[in-house]
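Peer 1:
Residue numbers (our numbering): 2 to 158.
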């Protein structure tokens with residue numbers, strides 16, 4: 002899945018780098034920083050107005066990149082906030098992590114959502130989203146703010 006230019010850069014997104022892209026100057030700069038194909042990259046946060054992106058590599062390094070440098074990468078998308086995922090009723094999703102604080106995590110556990118849980122979204126076009134948990138059949142509803150903090154991966158793979 003070539004994700005270049007097909008997604009908005011959002012905190013919580015995680016991808017595996019397949020190539021550094023077609024721009025030789027950008028590719029050289031990224032390689033000098035240790036951003037290489039095969040590495041996992043996670044978006045930590047965006048600067049105000051979104052021009053600079055703080056990222057974290059799988060080796061633990063954290064640094065800032067320009068948004069256009071992140072967009073130049075050819076990545077295999079691994080995880081993203083539920084609010085930015087291409088949601089449809091046919092696919093199963095898995096909670097990878099919960100990005101909120103302690104109260105948010107407790108609230109999500111109370112409704113049955115925690116890392117590793119699988120769910121479907123029967124009505125993806127309607128907010129709040131109603132999730133159907135695969136193991137229990139519970140149907141919690143999730144608002145957009147909560148969906149920003151729920152990091153998911155597709156469970157169909």
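Even glycine gets a Cβ: it sits at the ideal position worked out from N, Cα and C.
Note that the structure is predicted; figures quoted are calculated from it, not measured.
Quick test of your reading: residue 79 and residue 22, contact by CB under 8 angstroms. State the CB separation rounded to the nearest angstrom.
Peer 2: Along the chain shown, one-based indexing puts residue 79 at 78. Along the chain shown, one-based indexing puts residue 22 at 21. Not quite, the Cβ-Cβ distance comes to about 18 angstroms (not below 8 angstroms), so this is no contact.
Peer 1: Considering only the beta carbon of each residue, do residue 143 and residue 99 sit closer than 8 angstroms?
Peer 2: The residue given as residue 143 occupies position 142 in the chain shown. The residue given as residue 99 occupies position 98 in the chain shown. Not a contact, by the Cβ cut-off of 8 angstroms.
Peer 1: When the Cα of residue 46 is compared with those of 124, 56, 39 and 29, which residue comes out closest?
Peer 2: Taking the first residue of the chain shown as position 1, residue 46 is located at position 45. It is 56 whose Cα lies nearest to the Cα of residue 46.
Peer 1: Measuring CA to CA, which of 104, 107, 91 and 102 is closest to residue 120?
Peer 2: Position 119 of the chain shown, counted from the start, is the residue given in the question as residue 120. Minimum Cα distance to residue 120 is reached at 91.
Peer 1: What is the DSSP secondary structure of residue 100, counted as helix, strand or coil?
Peer 2: Looking up residue 100 in the chain shown gives position 99. Residue 100: coil per DSSP, three-state reduction.
Peer 1: Closest to residue 108 by C-alpha separation, out of 141, 136, 125 and 123, would be which residue?
Peer 2: Position 107 of the chain shown holds residue 108. Closest option to residue 108, Cα to Cα, is 141.
Peer 1: Where in the segment 90-156 do unbroken runs of the alpha helix (DSSP H), each at least 4 residues long, occur, reported from the N-terminal end onward?
Peer 2: For the segment 90-156, whole alpha helix (DSSP H) runs of length 4 or above, ordered along the chain, are 103-111 and 145-150.
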